[in-house]
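Below is one structure, written out as structure tokens, with a few remarks after it.
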Amino acid sequence: MRRALNALIQKELRQTVRDRRMMVLLIAVPTIQIIVFGFAVDLEVDRVPTVVVDQDRSVESRRHVRRLFADGTLHLRYQTQDTQEAERLLISGQANLALIFPSGFQRDQLCGRPTQVQAVVDGSDPNRGRSAGAAVGGYFGQVGPMLRIAPPSGRVSVEPKLSFNPGLDTAKFMLPGIIGVLLLLITTIVAAMGLARERQTGTLEQLMVTPMAPTTVILGKILPFAGFGFLDLSLALTAAVVIFDMPTRGSLIAVYATAGIYLVATLSTGLFISTISRTQQQAFLGGFLFLLPAVLLSGMLTPVRAMPAWLELATWLNPVRHFIELLRANLLADAGFLERWPNLLALSLYGLFMTVLSISRYRKTLE
Amino acid sequence: MNATVLLEGLVRRFGKTTAVDGIDLELSHGELFGLVGPDGAGKTTTVRMLAGLIAPDGGRVRVLGEDPLTSASVRDVLGLMPQEYSLYLDLSIRENLQFFGRLYGLGRAEWARRVERLMRITRLEPFMDRRAGALSGGMYKKLALSCALLHEPKVLLLDEPTNGVDPVSRRELWDLIHEFVQGGMTVLVCTPYMDEAERCHRVGLLHRGRLIATGEPAALIRDIEHETYTVHAGAGAELFDEVFAFEDVLAASPAGSELRIVVRGGRASEVQRRLDALGGRLEACEPTFEDLFLVRIKDAEGMAA
Numbered sequence: 001m002r003r004a005l006n007a008l009i010q011k012e013l014r015q016t017v018r019d020r021r022m023m024v025l026l027i028a029v030p031t032i033q034i035i036v037f038g039f040a041v042d043l044e045v046d047r048v049p050t051v052v053v054d055q056d057r058s059v060e061s062r063r064h065v066r067r068l069f070a071d072g073t074l075h076l077r078y079q080t081q082d083t084q085e086a087e088r089l090l091i092s093g094q095a096n097l098a099l100i101f102p103s104g105f106q107r108d109q110l111c112g113r114p115t116q117v118q119a120v121v122d123g124s125d126p127n128r129g130r131s132a133g134a135a136v137g138g139y140f141g142q143v144g145p146m147l148r149i150a151p152p153s154g155r156v157s158v159e160p161k162l163s164f165n166p167g168l169d170t171a172k173f174m175l176p177g178i179i180g181v182l183l184l185l186i187t188t189i190v191a192a193m194g195l196a197r198e199r200q201t202g203t204l205e206q207l208m209v210t211p212m213a214p215t216t217v218i219l220g221k222i223l224p225f226a227g228f229g230f231l232d233l234s235l236a237l238t239a240a241v242v243i244f245d246m247p248t249r250g251s252l253i254a255v256y257a258t259a260g261i262y263l264v265a266t267l268s269t270g271l272f273i274s275t276i277s278r279t280q281q282q283a284f285l286g287g288f289l290f291l292l293p294a295v296l297l298s299g300m301l302t303p304v305r306a307m308p309a310w311l312e313l314a315t316w317l318n319p320v321r322h323f324i325e326l327l328r329a330n331l332l333a334d335a336g337f338l339e340r341w342p343n344l345l346a347l348s349l350y351g352l353f354m355t356v357l358s359i360s361r362y363r364k365t366l367e
Numbered sequence: 001m002n003a004t005v006l007l008e009g010l011v012r013r014f015g016k017t018t019a020v021d022g023i024d025l026e027l028s029h030g031e032l033f034g035l036v037g038p039d040g041a042g043k044t045t046t047v048r049m050l051a052g053l054i055a056p057d058g059g060r061v062r063v064l065g066e067d068p069l070t071s072a073s074v075r076d077v078l079g080l081m082p083q084e085y086s087l088y089l090d091l092s093i094r095e096n097l098q099f100f101g102r103l104y105g106l107g108r109a110e111w112a113r114r115v116e117r118l119m120r121i122t123r124l125e126p127f128m129d130r131r132a133g134a135l136s137g138g139m140y141k142k143l144a145l146s147c148a149l150l151h152e153p154k155v156l157l158l159d160e161p162t163n164g165v166d167p168v169s170r171r172e173l174w175d176l177i178h179e180f181v182q183g184g185m186t187v188l189v190c191t192p193y194m195d196e197a198e199r200c201h202r203v204g205l206l207h208r209g210r211l212i213a214t215g216e217p218a219a220l221i222r223d224i225e226h227e228t229y230t231v232h233a234g235a236g237a238e239l240f241d242e243v244f245a246f247e248d249v250l251a252a253s254p255a256g257s258e259l260r261i262v263v264r265g266g267r268a269s270e271v272q273r274r275l276d277a278l279g280g281r282l283e284a285c286e287p288t289f290e291d292l293f294l295v296r297i298k299d300a301e302g303m304a305a
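If you're matching them up, the sequences are chains X and V in order. Here our numbering is used: the first sequence runs in plain steps of one and ends on residue 367. Here our numbering is used: the second sequence runs in plain steps of one and ends on residue 305.
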């Protein structure tokens with residue numbers, strides 16, 4: 001069994017390394033995607049182009065401007081004395097936010113009189129507008145009650161939320177989800193194509209007449225691609241940490257152990273799909289039929305708790321949900337195996353069930 | 001000891017078509033058996049059931065007393081060379097041989113010894129590092145046979161091993177098969193080629209999923225109860241169209257400028273009489289395996305009708 005398994009793994013690695021398209025799919029695509037997706041969720045709340053109209057030109061107004069732009073949510077693009085110029089920049093879309101410090105700002109503030117800063121937000125992109133408004137509101141909310149924000153006027157609206165977290169946390173929250181989905185896409189498709197390709201090229205017939213046990217064959221498909229899965233996980237984690245500053249608060253060993261169980265779950269699902277497919281094309285389509293609901297019901301984009309009760313219950317069957325929750329808990333909150341044991345148990349049971357199912361289906365693949 | 005290979009009332013259907021329709025067959029140790037029949041006769045389906053790749057719908061298969069569908073141990077001593085490509089085309093000859101050697105648990109020294117011998121006989125040695133996908137048809141088949149022989153199976157199943165192979169490679173393949181048969185291997189070979197059937201100890205004629213004749217090739221030919229003739233046409237080829245329609249002509253096939261026919265036993269004079277009117281002439285000739293096959297198909301269809 002060991003010799004045969006080694007032979008299978010070596011053969012699989014050889015074939016994969018020789019297949020340039022496979023290597024691109026396994027290594028380049030996930031790296032590029034984590035970076036692109038990471039920036040995509042990052043950009044929603046970052047670097048809002050801003051025009052500052054400082055009519056006061058005082059030490060106080062400059063101090064506030066400097067501190068406002070410190071966290072990177074807002075990006076100081078233009079400075080002017082002219083409110084008309086600021087309006088023009090807003091309308092043309094060159095700026096999404098205008099901040100107006102009226103003359104007398106410092107004097108009023110030092111005398112303890114109420115003073116006003118006007119923030120005009122372009123609300124045509126609600127997400128961006130909300131972030132910009134929240135950044136301004138959040139800042140002045142902290143500075144104190146002596147400053148307050150002008151109420152929204154005209155076609156633009158601002159809805160300051162004092163409880164808003166500085167934008168980057170969204171990306172950090174999204175990254176584990178992206179990693180989970182990336183691993184899912186790659187491993188499921190690769191595994192689904194795996195047996196289907198052997199079948200289509202006729203090699204499955206030759207494998208089946210050997211005395212190898214079905215377990216050996218299935219393991220020989222799962223193990224090498226779990227190896228590539230770990231490689232992808234490492235690439236994605238590195239990109240997430242280096243580029244997006246994602247924290248890794250929990251133990252990395254726990255991350256990899258969880259990922260191991262997850263990879264067995266996704267790979268065996270792919271293998272099961274290929275045992276019920278006749279061609280590679282069918283396997284590919286079958287893979288997508290599984291992938292779409294798996295991603296949508298994973299809680300990556302929409303929280304599982306926001307779903308109807310019956311659907312939330314159904315997500316217990318979704319390995320992606322468990323892995324993303326485990327990964328988030330581990331990376332962001334240092335919660336390991338024990339705190340999240342229901343997720344871990346559900347994920348393990350799913351993986352075991354799918355592996356056994358593909359092993360039992362294997363010899364029927366040619367029927 | 002029972003038969004090395006045993007098929008009993010074997011049936012396999014695909015949807016509404018019955019690919020194999022009740023085959024009974026026994027092969028004894030060291031026998032070279034040829035399963036002969038046209039495309040679609042059920043040869044491949046029979047071999048796949050013998051190899052345990054698909055389950056029969058009826059009857060049973062035993063190889064060395066065991067069911068190849070469920071017994072992994074019998075697969076240790078079973079070899080298969082499928083008709084279609086079945087090796088890894090993106091791996092080299094050496095890598096394919098290594099892979100299958102390890103699946104059968106061959107030791108390194110034993111593997112090297114067997115590969116050396118197989119490569120020498122098949123003359124593939126200089127190409128060991130060439131990808132299997134870059135081999136010619138004949139070379140590929142020799143490699144596939146080598147892979148099937150690597151673990152020296154007791155029972156070897158060959159599904160059209162010489163399909164699309166040049167005459168030289170074809171002879172080499174058969175030499176290799178004969179060498180292993182002499183070593184005591186039991187071989188079942190499927191072939192649509194009649195001349196290859198005559199190289200076997202025994203043959204079975206497969207037609208529409210049924211064995212319509214089984215026996216030694218020479219004996220089967222000898223036992224034909226009909227007569228074979230060559231028709232020499234005086235007036236030209238249009239005469240042949242008429243001959244096809246003669247009631248007593250069981251089979252007719254063009255052979256060069258002449259026509260080869262099988263005439264129902266004892267009816268030759270009747271045929272000659274009708275030919276006289278058309279200006280044709282009969283000349284007796286030796287029956288061949290092809291004649292046998294055509295006659296038996298005719299018989300089978302006559303019985304079915």
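From the three backbone atoms N, C-alpha and C, an ideal C-beta is built for every residue, glycine too. This structure is a prediction, so every number in the text was calculated from the model and none was measured.
- Query: Around the C-beta of residue 111 of chain V, are 16 or more other C-beta atoms found within 10 angstroms, so that it is buried, or is it exposed?
  - Reply: What you label residue 111 of chain V is simply residue 111 of the second sequence in a count that begins at 1. With 16 or more Cβ atoms within 10 Å of its Cβ, residue 111 of chain V is classed as buried.
- Task: Name, please, each residue of chain X whose Cβ falls closer than 8 Å to the Cβ of residue 95 of chain V.
- Result: Position 95 of the second sequence, counted from the first residue, corresponds to residue 95 of chain V. By Cβ distance, chain X contributes 11 and 14.
- Let me know if residue 193 of chain X comes out buried or exposed under the rule of 16 or more other beta-carbons within 10 Å of its beta-carbon. Residue mapping note: residue 193 of chain X aligns to position 193 of the first sequence, counting from 1. With 16 or more other Cβ atoms within 10 Å, it is buried.
- Below 8 Å on the Cβ atoms is my guess for residue 132 of chain V versus residue 96 of chain V; work out the distance and round it to an integer in Å. Position 132 of the second sequence, counted from the start, is the residue given in the question as residue 132 of chain V. Position 96 of the second sequence, counted from the start, is the residue given in the question as residue 96 of chain V. About 6 Å; that satisfies the 8 Å criterion.
- Query: What distance in whole Å lies between the Cβ atoms of residue 139 of chain V and residue 94 of chain V, which are believed to be in contact at a cut-off of 8 Å?
  - Reply: In the second sequence, counting from the first residue as 1, residue 94 of chain V sits at position 94. In the second sequence, counting from the first residue as 1, residue 139 of chain V sits at position 139. Going by Cβ atoms, the distance from residue 94 of chain V to residue 139 of chain V rounds to 14 Å, so no, they are not a contact pair.
- For residue 20 of chain V and chain X, any beta-carbon pair shorter than 8 Å? Translated into the one-based positions of the second sequence, residue 20 of chain V becomes position 20. No, residue 20 of chain V does not count as interfacial toward chain X.
- Task: Count the CB pairs spanning the region 226 to 237 of chain X and the region 192 to 210 of chain X that are closer than 8 Å, and state whether there are at least three.
- Result: no
- Task: Mind the definition here: the region 44 to 61 of chain X touches the region 83 to 100 of chain X only if three or more C-beta pairs lie below 8 Å; say whether that holds.
- Result: Taking a cut-off of 8 Å for Cβ pairs, the region 44 to 61 of chain X and the region 83 to 100 of chain X touch, as three or more such pairs fall below it.
- Start-to-end residues for the alpha helix (DSSP H) that takes in residue 94 of chain V: Taking the second sequence and counting its residues from 1, one reaches residue 94 of chain V at position 94. Here the alpha helix (DSSP H) through residue 94 of chain V covers 93 to 103.
- Item | Cβ contact check for the region 252 to 266 of chain V and the region 221 to 231 of chain V: 3 or more pairs under 8 Å | The region 252 to 266 of chain V vs the region 221 to 231 of chain V: in contact.
- Message: The beta strand (DSSP E) that contains residue 326 of chain V, what's its start and end?
- Response: Chain V is shown from 1 up to 305; residue 326 of chain V falls before or after that span and cannot be answered.
- Item | Proximity of residue 351 of chain X and residue 261 of chain X at Cβ, strictly below 8 Å | Here the question's residue 351 of chain X lines up with position 351 in the first sequence. Here the question's residue 261 of chain X lines up with position 261 in the first sequence. Yes.
- Taking only beta carbons into account, state which residues of the region 271 to 304 of chain X come closer than 9 Å to chain V, listed in chain order. none
- Grab me the residues of residue 325 of chain X's own chain with a C-beta within less than 6 Å of its C-beta, minus the 5 sequence neighbours each way, in chain order. Walking along the first sequence from the start, residue 325 of chain X turns up at place 325. Contacts found: 343.
- Kindly give me the distance between the Cβ atoms of residue 26 of chain X and residue 228 of chain X, rounded to whole angstroms, as I take these residues to be in contact under 8 Å. Position 26 of the first sequence holds residue 26 of chain X. Position 228 of the first sequence holds residue 228 of chain X. Here residue 26 of chain X really is in contact with residue 228 of chain X; their C-beta atoms are around 5 Å apart, less than 8 Å.
- CB residue 290 of chain X to CB residue 269 of chain X, shorter than 8 Å? Start at 1 with the first residue of the first sequence, and residue 290 of chain X comes out as number 290. Start at 1 with the first residue of the first sequence, and residue 269 of chain X comes out as number 269. Yes, these two residues count as a Cβ contact at 8 Å.
- Query: Looking only at C-alpha atoms, which of X:358, X:318 and X:349 sits nearest to residue 276 of chain X?
  - Reply: For this step, residue 276 of chain X is matched to residue 276 along the first sequence. Of the listed residues, the one whose Cα sits closest to residue 276 of chain X is X:358.
- Message: Let's test the definition: count the other Cβ atoms within 10 Å of the Cβ of residue 141 of chain V and tell me whether it reaches 16, buried, or not, exposed.
- Response: Indexing the second sequence from 1 puts residue 141 of chain V at position 141. Looking at its Cβ environment, which holds 16 or more other Cβ atoms inside 10 Å, residue 141 of chain V is buried.
- Whose C-alpha, out of X:28, X:86 and X:1, is nearest the C-alpha of residue 103 of chain V? Sequence index remark: in the second sequence, residue 103 of chain V carries index 103 (1-based). The shortest C-alpha to C-alpha distance from residue 103 of chain V to any of X:28, X:86 and X:1 is the one to X:1.
- Task: For residue 6 of chain V, write down the residues that DSSP places opposite it in a beta bridge.
- Result: The residue labelled residue 6 of chain V in the question sits at position 6 within the second sequence. Residue 6 of chain V pairs with V:26 and V:62.
- Task: Determine the chain B residues that contact residue 54 of chain V at a beta-carbon separation under 7 Å, and present them in chain order.
- Result: This model lacks chain B altogether, as its protein chains are X and V.
- Let me know if residue 186 of chain X comes out buried or exposed under the rule of 16 or more other beta-carbons within 10 Å of its beta-carbon. Here residue 186 of chain X is taken as the residue at index 186 of the first sequence, counted from 1. Answer is buried; the Cβ neighbour count reaches 16.
- Taking only the alpha-carbon atoms, compute the straight-line gap between residue 355 of chain X and residue 272 of chain X and give it to the nearest angstrom. Along the first sequence, read from residue 1 onward, the residue named residue 355 of chain X stands at position 355. Along the first sequence, read from residue 1 onward, the residue named residue 272 of chain X stands at position 272. Spanning the two alpha carbons is a distance of roughly 8 Å.
- Alpha-carbon spacing of residue 222 of chain X relative to residue 341 of chain X, whole angstroms: The residue given as residue 222 of chain X occupies position 222 in the first sequence. The residue given as residue 341 of chain X occupies position 341 in the first sequence. If I take the Cα positions, the gap works out to 24 Å.
- Exposure of residue 178 of chain V, with buried meaning 16 or more beta-carbon neighbours within 10 Å: If you number the second sequence from 1, residue 178 of chain V lands on position 178. By the neighbour-count rule (16 or more Cβ atoms within 10 Å), residue 178 of chain V is not buried but exposed.
- Query: Straight-line CA distance for residue 175 of chain X to residue 259 of chain X?
  - Reply: As a position in the first sequence, residue 175 of chain X is number 175, starting the count at 1. As a position in the first sequence, residue 259 of chain X is number 259, starting the count at 1. C-alpha separation (whole angstroms): 15 Å.
- Query: Expressed to the nearest angstrom, what Euclidean distance is found between the alpha-carbon atoms of residue 348 of chain X and residue 187 of chain V?
  - Reply: In the first sequence, the residue the question calls residue 348 of chain X occupies position 348. In the second sequence, the residue the question calls residue 187 of chain V occupies position 187. Those two C-alpha atoms are separated by around 47 Å.
- How many angstroms separate the CA atom of residue 72 of chain V from the CA atom of residue 91 of chain V? Position 72 of the second sequence, counted from the start, is the residue given in the question as residue 72 of chain V. Position 91 of the second sequence, counted from the start, is the residue given in the question as residue 91 of chain V. Distance between the alpha carbons of residue 72 of chain V and residue 91 of chain V: 26 Å.
- Query: Roughly how many angstroms lie between the CA atoms of residue 100 of chain V and residue 147 of chain V, to the nearest whole one?
  - Reply: Here residue 100 of chain V corresponds to residue number 100 of the second sequence, with the count starting at 1. Here residue 147 of chain V corresponds to residue number 147 of the second sequence, with the count starting at 1. Approximately 7 Å between the Cα atoms of the pair.
- Task: From the DSSP output, in three-state form, read off residue 134 of chain X for me.
- Result: For the purposes of this step, residue 134 of chain X is taken as residue 134 along the first sequence, with counting starting at 1. Residue 134 of chain X: helix per DSSP, three-state reduction.
- Have a look at residue 167 of chain V and residue 173 of chain V and give me their C-alpha separation to the nearest angstrom. Reading the second sequence from its first residue, position 167 is the one you call residue 167 of chain V. Reading the second sequence from its first residue, position 173 is the one you call residue 173 of chain V. Their backbone Cα atoms lie some 10 Å apart in a straight line.
- Query: When you compare only the Cα positions, how much space is there between residue 157 of chain V and residue 80 of chain V?
  - Reply: Here residue 157 of chain V corresponds to residue number 157 of the second sequence, with the count starting at 1. Here residue 80 of chain V corresponds to residue number 80 of the second sequence, with the count starting at 1. Approximately 5 Å, taken between the alpha carbons.
- Item | Neighbouring residues, chain V, relative to residue 202 of chain X (Cβ below 7 Å) | Reading the first sequence from its first residue, position 202 is the one you call residue 202 of chain X. Within 7 Å Cβ-Cβ: 82, 84, 85 and 86.
- 4-residue-minimum alpha helix (DSSP H) runs that sit fully inside the region 198 to 260 of chain X, ordered along the chain: 203 to 208 and 214 to 244
- Task: Determine the direct distance from the alpha carbon of residue 130 of chain X to that of residue 80 of chain X, and round the result to whole angstroms.
- Result: As a first step, residue 80 of chain X is located in the first sequence; it is residue number 80 there, counting from the start. As a first step, residue 130 of chain X is located in the first sequence; it is residue number 130 there, counting from the start. The straight-line gap from Cα to Cα measures roughly 24 Å.
- Among X:329, X:94 and X:297, the one whose alpha carbon lies nearest that of residue 310 of chain X: Position 310 of the first sequence, counting from 1, holds the residue named residue 310 of chain X. When each option's Cα is compared against that of residue 310 of chain X, the closest is X:297.
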